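This report concerns only the one structure given below.
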Amino acid sequence: MANKAYQRVYTQLDAITKATVTLKAKNASNDELAVVDGRLAQVVKTKGDKVTLQVFSGTEGIPTNAEVSFLGEPPTVKVSDQLSGRFFNAYGKPIDGGPEVEGETRQIGGPSVNPFRRRQPSQLIPTGIAGIDLNNTIVSGQKIPFFADPDQPYNQVMADVALRADVDKIILGGMGLTNDDYLFFRHSFESAGVLDKIISFVNTTEEPPVERLLIPDMALTTAEYFAADLNQKVLVLLTDMTLYADALSIVSNRMDQIPSKDSMPGSLYSDLAKIYEKAVQLPSGGSITIIAVTTLNDGDITHAIPDNTGYITEGQLFLRADSDSGKVIIDPFRSLSRLKQLVQGKKTREDHSQVMNAGVRLYADAQNAKTKLENGFDLSDYDHRCLAYAKDYATRLLSIEVNISIDEMLDTAWELFAKYFTKAETGIKQALIDKYWKGN
Amino acid sequence: MNSKSTGIVTGIVSNLVTVQIDGPVAENELCFITVGDTKLMAEVIKVNGKNAQVQVFESTRGLKNGDAVEFEGKMLEITLGPGLLSSIYDGLQNDLTTMEGVFLKRGEYTDPLNREKLWDFTPLAKAGDKVAAADWLGEVREGWLPHKIMVPFSFKGEYTVKSVASEGQYNVDAVVAVLTDAEGNDVNVTMTQKWPVKVAIKSYKEKPRPDKIMETGVRVIDSFDPIAEGGTGFIPGPFGCGKTVLQHAIAKQGEADVIVMAACGERANEVVEIFTEFPELIDPHTGRHLMERTTIICNTSNMPVAAREASVYTAMTICEYYRAMGLRCLLLADSTSRWAQALREMSNRLEELPGADAFPVDLSSIISSFYARAGMVILNNGKRGAVTFIGTVSPAGGNLKEPVTESTKKAARCFYALEQNRADQKRYPAVNPIDSYSKYLEYPEVQKFLNEKIEEGWVSKIQAAKNIVRRGREANDQINILGDDGVPISYHETFWKSELIDFCFLQQDAFDPIDSLCPIGRQKYMLNLVLDICNKDLKFADYEECRNTFKEIINIVRQMNYSEFKSENFNSYLDKLNKLIDENGK
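Protein sequences appear in the order of chains A and B. Under numbering that gives the first Met the number 0, think of the first position of the first sequence as 0, with each following residue one higher. Under numbering that gives the first Met the number 0, think of the first position of the second sequence as 0, with each following residue one higher.
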């Protein structure tokens with residue numbers, strides 16, 4: 000954001016709201032950045048000779064005679080290999096005490112990939128977590144959020160996934176992270192010894208909420224540099240998208256826009272889609288995969304934020320505390336990866352999809368047995384076996400603490416099937432039973 | 000709209016731009032705004048005194064007050080001609096396959112048609128013929144389809160054919176006919192013409208009620224709630240209920256000559272799936288590659304919002320063009336909710352007073368006039384053509400009481416309600432058999448068609464099957480409340496008969512090569528088979544026996560669904576089934 004020769008300076012504000020200022024100015028271009036009283040702002044509206052600026056850090060204390068200078072360009076990020084291992088704020092300034100980054104300046108929020116130039120995602124991203132790899136396999140180029148209540152350990156799971164995933168770069172976009180969570184991410188990345196492949200853009204709760212709006216574009220423009228220019232496999236982590244959407248609603252409210260469902264702006268779908276659709280498999284081999292977090296209010300997925308997200312993303316992963324096993328598990332019923340069939344049985348063992356389906360179906364039978372038990376009906380022998388299986392299945396496969404290879408997950412499932420069920424009860428194709436059944 | 004006006008930008012809010020104009024402009028007129036060295040296309044949506052408000056089809060980043068605007072004197076038009084099929088366009092009919100680079104470039108507009116390609120032309124009209132708009136002058140082969148070269152739809156009144164090109168190879172810009180109008184002026188006709196997308200093409204003789212059904216190979220649609228050829232339908236459903244899979248199944252198997260798929264504000268990877276898989280897949284009706292009869296209009300969710308609205312109109316116009324050739328077209332739009340949301344965004348920026356859920360108040364009329372463009376028509380030469388339209392709706396929170404679903408319900412004649420509960424139980428397609436409906440079943444013309452094409456009394460059989468499903472649901476509620484032992488066995492029997500219809504007829508495996516496509520003849524056979532079992536008086540000692548027997552029956556009939564119709568395998572399952580029923584029957 001260096002000063003430019005053609006910088007224009009004004010000192011008379013006409014109107015101030017909590018997030019915007021309006022002034023008379025010439026030649027302001029849409030999306031252009033400006034500095035208002037030392038704070039970064041962006042042109043969001045022009046009308047006649049008036050220009051409205053959204054001030055990212057809020058307008059507290061800005062006087063009507065504040066100095067406003069226009070910078071002549073939209074928000075940018077400097078991209079180069081020097082980004083690796085560094086932590087930045089929403090404006091791309093280092094927050095880790097290191098030096099400024101040098102590199103090519105790129106506008107953030109750039110154009111989309113021509114849909115015709117995309118390729119069908121086909122590379123598996125193993126995470127070691129069976130609730131994901133076995134039941135909801137993630138594919139490079141996919142976009143998938145965790146739907147979780149605020150008390151669940153979604154950031155820990157995401158850090159685990161990131162560190163185990165076989166990718167070239169991991170880019171963290173943290174929006175409204177508590178300082179503790181920011182330090183947690185920093186500590187886990189540092190102690191894993193993989194800092195050189197991680198880049199973080201972080202807005203903490205201590206910083207103004209509107210600044211968050213820059214984070215996803217910062218992270219994804221950086222991701223595009225590594226994926227499209229350097230053909231790398233990039234994994235982008237966005238947490239928490241609910242707080243991002245909240246910031247959107249603050250701005251639209253200050254701009255007197257008519258809210259739609261749940262006080263969200265009418266453009267929420269497009270705003271979220273612009274971010275998530277950056278996930279892509281490129282023909283050159285580079286890819287951007289997005290794993291996000293959308294926190295829920297008491298599990299309510301009909302709220303506008305998770306609802307719109309569900310229509311945009313390719314599935315969702317639900318975290319749930321399981322009372323039988325005492326573990327946090329990936330809920331096999333409500334979770335879904337829409338792209339799993341692109342790799343299951345193709346990049347993994349032939350029995351993958353059958354074992355997955357049988358495992359989940361038997362787990363569903365256990366839930367039915369549980370309902371029967373709660374309603375005071377008698378349980379059959381099959382019901383008892385289902386219940387015992389469910390506990391084992393949740394502990395050894397669904398738990399987020401699991402970290403094994405996909406072949407081991409399949410073998411574990413076969414072992415559980417043989418322990419509790421007959422061959423016929425699993426409903427698996429005979430040919431696979433003959434080959435993989437453990438026991439008699 | 001003769002003189003071209005110009006103007007300058009005076010206000011910008013996102014993609015809504017206010018332009019001060021120096022001359023006349025028309026509603027929906029196109030203009031180009033100059034930003035640096037690119038020109039951005041925009042459309043007039045509101046005029047107030049000297050100010051026109053335009054929606055820009057691209058990102059407005061970097062636009063300034065004072066930037067120059069040139070009006071075009073015409074509305075948003077698309078180019079119609081041979082070569083539309085197997086193309087992949089954006090919402091403004093730019094050919095996405097000829098664009099350079101991985102990223103879309105703002106202000107890059109590409110030609111929708113290949114101007115060099117030569118087409119084998121055969122004349123159909125001769126000198127001296129009297130013709131009017133949409134009359135056929137000649138024909139070229141587009142894939143296996145006869146693509147008619149017509150008198151342009153914009154020609155008014157009667158013309159006399161002066162000459163028609165002789166049989167031979169021509170490119171699309173070659174003059175293939177010369178017509179003389181009433182005043183004696185000669186007009187050249189090439190293979191292409193332009194048409195404004197927001198205006199319906201009405202160059203046909205009449206639009207009667209649809210009188211036959213369009214087969215989709217999906218049992219729950221064709222048998223339970225069939226859609227008419229030239230009919231309209233919509234599929235609402237929460238995310239994860241299989242909307243897209245069902246639409247793709249219809250696109251693959253629909254009994255139509257031309258399929259236009261409008262990916263409107265949906266995931267780009269779904270479009271990738273279509274153009275990756277369709278070129279490999281074979282059309283079950285003609286044996287040709289599916290892509291040869293398919294046009295994709297693609298404005299994915301991250302592409303500019305204003306062009307999203309244009310995309311559904313572009314798709315409809317292409318369908319109407321092929322309908323005028325006497326072809327059967329099927330338009331699939333996924334999803335019309337995204338289009339409605341695009342309208343909402345603009346209405347919001349225009350600061351219009353909002354209707355329900357902040358949607359524009361005229362949403363309902365916009366949706367119904369769009370659905371009204373579908374239909375079966377009788378052309379001037381007496382031939383039939385049809386546009387069948389199926390749209391999906393993505394109701395917010397899965398709640399069907401929202402403005403887009405309600406408005407669409409008033410406009411569309413078929414309703415395929417996808418149900419979360421069925422999807423959770425993996426009962427696909429998750430179409431609710433009770434809530435869904437097809438108004439076409441009430442048409443005497445359609446009933447007559449079904450009586451002749453399938454069998455006498457088919458509609459009453461469908462009603463009987465629906466009744467069994469309904470009664471089964473009621474019985475199931477009772478069983479759940481009172482417990483397995485608390486109800487008479489007949490309740491269990493009623494419930495399991497409905498499960499039989501559900502598992503063996505309504506559910507269908509869209510990923511199985513045989514089960515995914517069930518021709519109407521096979522549907523008739525299977526429904527009769529299942530209904531016969533339902534009408535049998537079976538004897539069971541207790542509810543366990545009832546359940547086990549039906550589970551066995553269901554298993555056998557499902558195996559039949561997975562087997563080649565009337566093959567050895569199929570028949571052996573049938574024998575097994577008959578034996579089982581005989582053992583239990585009295």
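Where a beta carbon is used, it is the ideal one built from N, C-alpha and C, also for glycine. Nothing here was measured: the structure is a model prediction, and the numbers come from that model.
Beta-carbon spacing of residue i, residue j below 7 Å
| i | j | result |
| --- | --- | --- |
| residue 440 of chain A | residue 324 of chain A | Lying outside 0 to 439, the shown extent of chain A, residue 440 of chain A is not represented and no answer is given. |
| residue 67 of chain B | residue 323 of chain B | no |
| residue 288 of chain A | residue 141 of chain A | yes |
| residue 257 of chain B | residue 287 of chain B | no |
| residue 209 of chain B | residue 375 of chain B | yes |
| residue 481 of chain B | residue 458 of chain B | no |
| residue 412 of chain B | residue 231 of chain B | yes |
| residue 166 of chain B | residue 84 of chain B | no |
| residue 53 of chain A | residue 19 of chain A | yes |
| residue 265 of chain A | residue 473 of chain B | no |
| residue 176 of chain B | residue 188 of chain B | yes |
| residue 100 of chain A | residue 68 of chain A | no |
| residue 29 of chain A | residue 44 of chain B | no |
| residue 87 of chain A | residue 200 of chain A | yes |
Beta-carbon separation (whole angstroms), residue i vs residue j, contact threshold 8 Å
| i | j | result |
| --- | --- | --- |
| residue 237 of chain A | residue 208 of chain A | Not confirmed; about 16 Å, so no contact. |
| residue 255 of chain B | residue 327 of chain B | 5 Å |
| residue 329 of chain B | residue 314 of chain B | Going by Cβ atoms, the distance from residue 329 of chain B to residue 314 of chain B rounds to 11 Å, so no, they are not a contact pair. |
| residue 129 of chain A | residue 403 of chain A | 7 Å |
| residue 464 of chain B | residue 537 of chain B | Between residue 537 of chain B and residue 464 of chain B the Cβ distance is about 18 Å, and since that is not below 8 Å, they are no contact. |
| residue 31 of chain A | residue 72 of chain A | 7 Å |
| residue 164 of chain A | residue 234 of chain A | 5 Å |
| residue 112 of chain A | residue 564 of chain B | Contact flag wrong, Cβ pair sits at about 43 Å. |
Where residue i falls, given that 16 or more other Cβ within 10 Å makes a residue buried
| i | result |
| --- | --- |
| residue 3 of chain A | Its pLDDT being 49, under 50, residue 3 of chain A is placed unreliably by the model, and nothing is read from it. |
| residue 510 of chain B | exposed |
| residue 116 of chain A | buried |
| residue 1 of chain A | Only weak support is given to the placement of residue 1 of chain A: the predicted model assigns it a pLDDT of 44, under 50, and the question is left unresolved by the model. |
| residue 196 of chain A | buried |
| residue 177 of chain A | exposed |
| residue 47 of chain A | exposed |
| residue 143 of chain B | exposed |
| residue 320 of chain A | exposed |
| residue 76 of chain A | buried |
| residue 469 of chain B | exposed |
| residue 366 of chain A | exposed |
| residue 249 of chain B | buried |
| residue 281 of chain B | exposed |
| residue 14 of chain A | exposed |
*Got a sec: which bits of the stretch 104-132 of chain A sit with their beta carbon under 9 Å from any beta carbon on chain B, in order along the chain?*
106, 108, 109, 110, 111, 112, 113, 114, 115, 116, 117, 118, 119, 120
*Determine which residues of the stretch 163-178 of chain B have a Cβ less than 7 Å from any Cβ of chain A, and write them out in chain order.*
none
*Give the residues from the stretch 94-110 of chain B that approach chain A closer than 8 Å (Cβ to any Cβ), ordered along the chain.*
95, 96, 98, 100, 101, 102, 103, 104, 105
*Give, in chain order, every residue of the stretch 284-307 of chain B whose Cβ lies closer than 7 Å to some Cβ of chain A.*
297, 299, 300, 301, 302, 304
*For the stretch 209-242 of chain B, which residues have a CB atom closer than 9 Å to at least one CB atom of chain A, in sequence order?*
237, 238, 239
*Can you find at least 3 beta carbon pairs, one from the stretch 216-223 of chain B and one from the stretch 512-527 of chain B, that sit closer than 8 Å?*
yes
*Evaluate the contact criterion for the stretch 278-291 of chain A versus the stretch 112-128 of chain A: three or more CB pairs, one atom per stretch, below 8 Å.*
yes
*Below 8 Å between beta carbons is the criterion; list the residues of the stretch 318-336 of chain A that meet it against any residue of chain B, in chain order.*
332, 335
_Measuring CB atoms only, is the stretch 338-345 of chain A touching the stretch 161-175 of chain A, in the sense that at least three cross pairs come out at less than 8 Å?_
no
*Could you list the residues in the stretch 262-285 of chain A with a C-beta less than 7 Å from some C-beta on chain B, going in chain order?*
265, 266, 268, 269, 272, 273, 276, 281
*Looking at C-beta atoms only, is the number of pairs between the stretch 389-397 of chain B and the stretch 332-344 of chain B that lie closer than 8 Å three or more?*
yes
*asked:* Please identify, using Cβ separations under 8 Å, the residues of the stretch 48-76 of chain B that lie next to chain A, in order along the chain.
replied: 58, 59, 60, 61, 62, 63, 64, 65
*Name, going along the chain, the residues of the stretch 30-44 of chain A whose beta-carbon falls closer than 7 Å to a beta-carbon of chain B.*
30, 44
*asked:* Quick check: the stretch 186-197 of chain B against the stretch 145-161 of chain B, are at least 3 beta-carbon pairs closer than 8 Å?
replied: yes
*If you measure beta-carbon to beta-carbon, which residues of the stretch 377-404 of chain B are closer than 8 Å to chain A?*
393, 395, 396, 397, 398
*Members of the stretch 224-245 of chain A near chain B, C-beta cut-off 8 Å*: 227
*Check distances from the C-beta atoms of the stretch 250-268 of chain B to those of chain A and list, in chain order, the residues that come in under 9 Å.*
262, 264, 265, 266, 267, 268
*Taking Cβ-Cβ distances below 9 Å as the criterion, which residues of the stretch 335-348 of chain B are in contact with chain A?*
336, 337, 340, 341, 343, 344, 346, 347, 348
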